[in-house]
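Protein chains in written order, with our numbering: chain A, 11 to 165; chain B, 11 to 165.
Note that beta-carbon positions come from the ideal geometry of N, C-alpha and C, so glycine has one too.
Quantities reported herein were computed from a predicted structural model and do not represent experimental measurements.
Number of protein chains: 2
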Amino acid sequence: MIPVEPLTAGSFEPFGRVIEADPATAVEINAGFTTRFHALATADTGDGAAILSIFRGRPRPLAVAMLECHPLGSQAFMPLGGRDWLVVVAETPGAQACRAFHCRGDQGVQYARGVWHHPLLVLDTPQDFLVVDRAGDGDNLQEVFFDEVPISLPR
Amino acid sequence: MIPVEPLTAGSFEPFGRVIEADPATAVEINAGFTTRFHALATADTGDGAAILSIFRGRPRPLAVAMLECHPLGSQAFMPLGGRDWLVVVAETPGAQACRAFHCRGDQGVQYARGVWHHPLLVLDTPQDFLVVDRAGDGDNLQEVFFDEVPISLPR
């Protein structure tokens with residue numbers, strides 16, 4: 011069983027950045043009508059380009075039997091429906107190292123280049139995400155497969 | 011008065027890209043549990059980096075008395091609250107050329123590099139946006155000011 015931890019900037023630091031309205035980053039702009047939470051993440055796309063896509067995630071069994079990583083660039087996910095979702099990451103590829111994070115609907119993440127992670131995990135209903143990742147030459151996908159391990163949601 | 015037009019990829023083409031779940035871009039990924047609407051926009055950051063920020067916009071008078079542009083990079087806005095919002099852009103800096111677009115809550119935009127636009131315009135309530143723009147050396151902000159022109163919302 012993989013227990014689910016709350017997502018915080020500190021706990022997620024080995025894997026990348028949390029994208030949330032962190033007051034420490036706030037700057038007032040636009041004659042005071044906008045607060046800019048500045049540079050919460052920087053896209054790392056090497057010799058490629060940073061592209062913006064929408065991912066429409068549908069519910070799937072909450073279990074982990076594979077991980078993937080993108081060796082050539084970072085990948086950021088920001089929920090557009092304001093609903094909670096899950097992230098599974100690992101410092102080494104395999105079931106043993108998996109950590110699961112419960113993300114609030116106002117929290118996104120950016121996986122650093124090469125970080126092993128599970129594909130998008132929404133909870134009860136479909137949700138769209140804005141995704142910022144890399145386009146360019148080269149093979150930017152690696153995958154590992156293993157025996158299925160369930161994710162244990164907190165009660 | 012600046013009338014408000016519906017936002018479409020075609021009408022917005024002189025100014026940049028509309029970020030929405032365009033079926034023409036759809037690819038099924040993640041064992042069929044995710045639809046990727048691919049490469050809806052490409053960040054144009056020249057010698058700079060693409061950064062992700064959150065902008066928290068608050069309601070302001072629906073009138074235009076200035077425009078700004080970013081000569082060194084593109085700037086994308088994606089609403090995170092699912093609520094409608096407005097965009098004002100112009101092919102030349104000044105009140106006469108202004109065009110206003112009504113964006114649905116599931117539509118974002120990316121202003122192309124150098125496109126004149128008004129700062130963030132939310133409607134009745136505050137809304138957060140994910141913003142992808144440029145960080146780097148150089149002066150990436152130009153502004154023009156002029157006599158105020160009201161925006162005319164459709165009835």
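Inset, instruction - Note down, in chain order, each residue of its chain lying with its Cβ closer than 8 angstroms to the Cβ of alanine 59 of chain B, except the 5 sequence neighbours on either side. - result: The beta carbon of alanine 59 of chain B sits closer than 8 angstroms to the beta carbons of Arg144, Ala145, Gly146 from its chain, once the five residues preceding and following it are set aside; these are given in chain order.
Inset, instruction - Using DSSP bridges, identify the partner residues of glycine 83 of chain B. - result: BP columns for glycine 83 of chain B are empty, so no partner.
Inset, instruction - Could you check which residue in B:Val159, B:Pro16, B:His128, B:Asp149 has the C-alpha nearest to that of alanine 41 of chain A? - result: The shortest Cα separation from alanine 41 of chain A among B:Val159, B:Pro16, B:His128, B:Asp149 belongs to B:His128.
Legend entry - With 16 other Cβ atoms within 10 Å as the buried cut-off, status of serine 21 of chain B: Flag for serine 21 of chain B reads exposed.
Inset, instruction - Just the C-alpha distance for arginine 70 of chain A and phenylalanine 43 of chain B, rounded to the nearest angstrom, thanks. - result: Taking the straight line joining both Cα atoms gives about 7 angstroms.
Legend entry - Within chain A, the residues that alanine 60 of chain B reaches when beta carbons sit closer than 8 angstroms: Those are Thr52, Ala53, Thr55, Ala60, Val142, listed as they occur along chain A.
Legend entry - Beta bridge counterpart(s) of phenylalanine 137 of chain A as assigned by DSSP: Note that residue 137 of chain A corresponds to glutamine in the displayed sequence, not to phenylalanine. Beta-bridge pairing links glutamine 137 of chain A to A:Gly67.
Inset, instruction - If I'm right that isoleucine 29 of chain B touches leucine 62 of chain B with Cβ under 8 angstroms, what's the distance once you round it to whole angstroms? - result: About 14 angstroms separates the two Cβ atoms, so there is no contact after all.
Legend entry - Residues bridged to proline 89 of chain B [DSSP beta-bridge criterion]: Bridge partners of proline 89 of chain B: B:Phe139.
Legend entry - Simplified DSSP assignment, three categories, for glycine 148 of chain B: Looking at glycine 148 of chain B - three-state DSSP - the assignment turns out to be coil, as it is neither helix nor strand.
Inset, instruction - Could you tell me whether the Cβ of arginine 46 of chain B comes closer than 7 angstroms to any Cβ of chain A? - result: So, interface residue.
Legend entry - Option nearest glutamine 137 of chain B by Cα separation, candidates B:Asp116, B:Tyr121, B:His48: Here the closest residue by C-alpha is B:Asp116.
Inset, instruction - If I'm right that alanine 131 of chain A touches methionine 88 of chain B with Cβ under 8 angstroms, what's the distance once you round it to whole angstroms? - result: It should be pointed out that residue 131 of chain A corresponds to leucine in this sequence rather than to alanine. No, leucine 131 of chain A and methionine 88 of chain B are not in contact; Cβ-Cβ is about 21 angstroms, not under 8 angstroms.
Legend entry - Where the alpha helix (DSSP H) containing glycine 20 of chain B begins and where it ends: For glycine 20 of chain B, the enclosing alpha helix (DSSP H) begins and ends at 19-22.
Legend entry - Contacts of proline 81 of chain A in chain B (Cβ-Cβ under 8 angstroms): Ordered by position in chain B, no residue passes the 8 angstroms Cβ test against proline 81 of chain A, which lies about 18 angstroms from the chain.
Legend entry - Where the beta strand (DSSP E) through phenylalanine 111 of chain A begins and ends: Phenylalanine 111 of chain A -> beta strand (DSSP E) spans 108-113.
Legend entry - Proximity test, Cβ basis, 7 angstroms: glycine 67 of chain A and chain B: Yes, its Cβ sits closer than 7 angstroms to a Cβ of chain B.
Inset, instruction - Go through its chain and collect everything with a Cβ distance to arginine 66 of chain A's Cβ below 7 angstroms, but skip five positions before and after it. - result: By the criterion of a C-beta distance shorter than 7 angstroms, arginine 66 of chain A is surrounded in its chain by Pro136, Asp138, once the five residues flanking it on both sides are discounted.
Inset, instruction - Along the beta strand (DSSP E) that carries phenylalanine 25 of chain B, what are the first and last residues, could you check? - result: Looking at the DSSP string, phenylalanine 25 of chain B is not in any beta strand (DSSP E), and its letter there is neither H nor E.
Legend entry - Minimum Cβ-Cβ distance from serine 84 of chain B to chain A less than 7 angstroms: No, serine 84 of chain B lies away from the interface with chain A (no Cβ there is under 7 angstroms from its Cβ).
Inset, instruction - Taking 8 angstroms as the threshold, find out whether the stretch 150-161 of chain B comes into contact with the stretch 90-109 of chain B through three or more Cβ pairs. - result: In short, these stretches touch, since the Cβ pair count reaches three.
Inset, instruction - Output, in chain order, the set of chain B residues within a Cβ distance shorter than 8 angstroms of methionine 88 of chain A. - result: Leu62, Met88, Leu90, Leu140, listed in chain order.
Inset, instruction - Please classify threonine 102 of chain B: does DSSP put it in a helix, a strand, or coil? - result: In the structure shown, threonine 102 of chain B sits in coil (DSSP, three-state: anything other than H, G, I, E or B).
Inset, instruction - Would you grab the beta carbon distance between proline 164 of chain B and glycine 124 of chain B for me? Rounded to a whole angstrom, and I think it's under 8 angstroms. - result: Incorrect: roughly 29 angstroms between the Cβ atoms, too far for contact.
Legend entry - Interfacial residues, the stretch 20-43 of chain A to chain B, with Cβ spacing under 7 angstroms: Flagged, chain order: Ile29, Ala31, Asn40, Phe43.
Legend entry - Residue nearest to leucine 72 of chain B in terms of C-alpha spacing, selected from B:Ala122, B:His112, B:Cys79: The option with the nearest alpha carbon to leucine 72 of chain B is B:His112.
Legend entry - Cβ neighbours of histidine 48 of chain B in the same chain (closer than 7 angstroms, five flanking residues each side left out): Close CB contacts of histidine 48 of chain B within its chain, under the 7 angstroms cut and outside five residues either way in sequence, are with Thr35, Val37 (chain order).
Legend entry - Spatially closest choice to glutamate 78 of chain B from B:Gly148, B:Pro13, B:Val99, by CA coordinates: Shortest Cα-Cα distance from glutamate 78 of chain B to any of B:Gly148, B:Pro13, B:Val99 involves B:Val99.
Inset, instruction - Using a Cβ-Cβ cut-off of 7 angstroms, state whether leucine 130 of chain B counts as contacting chain A. - result: Judged by the 7 angstroms Cβ criterion, leucine 130 of chain B is in contact with chain A.
Legend entry - Rounded straight-line distance, which links the Cα of alanine 53 of chain A to that of proline 24 of chain B: The straight-line gap from Cα to Cα measures roughly 26 angstroms.
Legend entry - Enclosing beta strand (DSSP E) for phenylalanine 47 of chain B [first to last residue]: DSSP places phenylalanine 47 of chain B inside the beta strand (DSSP E), whose first and last residues are 44-52.
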